[in-house]
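This note's numbering applies: residue 1119 is where the sequence shown begins, and numbers increase by one. What follows is a single structure, written as structure tokens, with notes after it.
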Amino acid sequence: MSGDLVELPIEVDVTPERYGTLRSVNVVSGDDIPPALDSQEWRLEELSVESHVRDQIDVRAIDETTNVGVLRVDTTTLEWEFLENKR
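Spelled out as structure tokens, the structure:
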């Protein structure tokens, strides 16, 4: 990674459904994208991390909506890495 780094919280959203429980992985950035990722030159619209996060943590073991880590994004290259919270 070569540019400035921005960290975005990652959350597993747990929703009870009629026939089980739905667990989705969300990039949580509050109501707005950090200014470093929302400029006149370009705008970050989507960053897909769900399968990567699911491969690193046991999503099925999470019983309530919880923050599971952060996504560290390089503002120059848009390379990213997931850093899991130590629970």
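Where a beta carbon is used, it is the ideal one built from N, C-alpha and C, also for glycine.
- Distance between V1146 and G1138, taken at the CA atoms: about 24 Å.
- When the Cα atoms are used, F1200 and L1189 turn out to be separated by approximately 5 Å.
- Secondary structure at D1181: coil, using DSSP grouped into helix, strand and coil.
- Between E1182 and the set L1123, P1134, L1165, V1191, the nearest pair of CA atoms involves P1134.
- For the pair L1165 and V1124, the CB atoms are not nearer than the 8 Å cut-off.
- Around the beta carbon of L1196, fewer than 16 other beta carbons sit within 10 angstroms, so the residue counts as exposed.
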